[in-house]
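Report on the structure given below.
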Amino acid sequence: MARITASVYTSHVPAIGAALDLGKSQEAYWEPVFKGYEFAKQWEKEQKPDVVFLVFNDHATAFSLEMIPTFAIGTAA
Numbered sequence: 686m687a688r689i690t691a692s693v694y695t696s697h698v699p700a701i702g703a704a705l706d707l708g709k710s711q712e713a714y715w716e717p718v719f720k721g722y723e724f725a726k727q728w729e730k731e732q733k734p735d736v737v738f739l740v741f742n743d744h745a746t747a748f749s750l751e752m753i754p755t756f757a758i759g760t761a762a
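Start counting the sequence shown at 686; every next residue gets the next number (my numbering).
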């Protein structure tokens, strides 16, 4: 039987994704933000979940202004 082991949330600030994409995670301004994710990263390494449902706001980088869906499901392996 499946069981839910965790539910983790973070801010919906698009600048966080941009900072990561631009390699700014080690800069003084951004470092405290990205250090905040270390707990979740360590938990995932230790727990090794079979399935992760990841919901995030990549609409600014995945879609053009000509087509921004209200809801989209992306998949990856």
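For every residue, glycine included, the Cβ atom is placed at its ideal position computed from N, Cα and C.
Model, not experiment: these values are computed from the prediction.
Assumed close pair residue 698, residue 725 - CB separation to whole angstroms, cut-off 8 Å: As a position in the sequence shown, residue 698 is number 13, starting the count at 1. As a position in the sequence shown, residue 725 is number 40, starting the count at 1. So it is not a contact: roughly 16 Å between Cβ atoms.
Coil, strand or helix - residue 706 by DSSP: Along the sequence shown, one-based indexing puts residue 706 at 21. If DSSP states are grouped into helix, strand and coil, residue 706 belongs with the helices.
Nearest residue (CA-CA) to residue 691, options 733, 714 and 706: As a first step, residue 691 must be located in the sequence shown, where it is residue number 6. Cα-wise, what sits closest to residue 691 is 733.
Inter-residue spacing [alpha-carbon to alpha-carbon] between residue 766 and residue 736: What is shown of the chain runs 686 to 762, which leaves residue 766 out entirely.
DSSP state of residue 691 mapped onto helix, strand, coil: Stepping through the sequence shown from its first residue, residue 691 is reached at position 6. In the structure shown, residue 691 sits in coil (DSSP, three-state: anything other than H, G, I, E or B).
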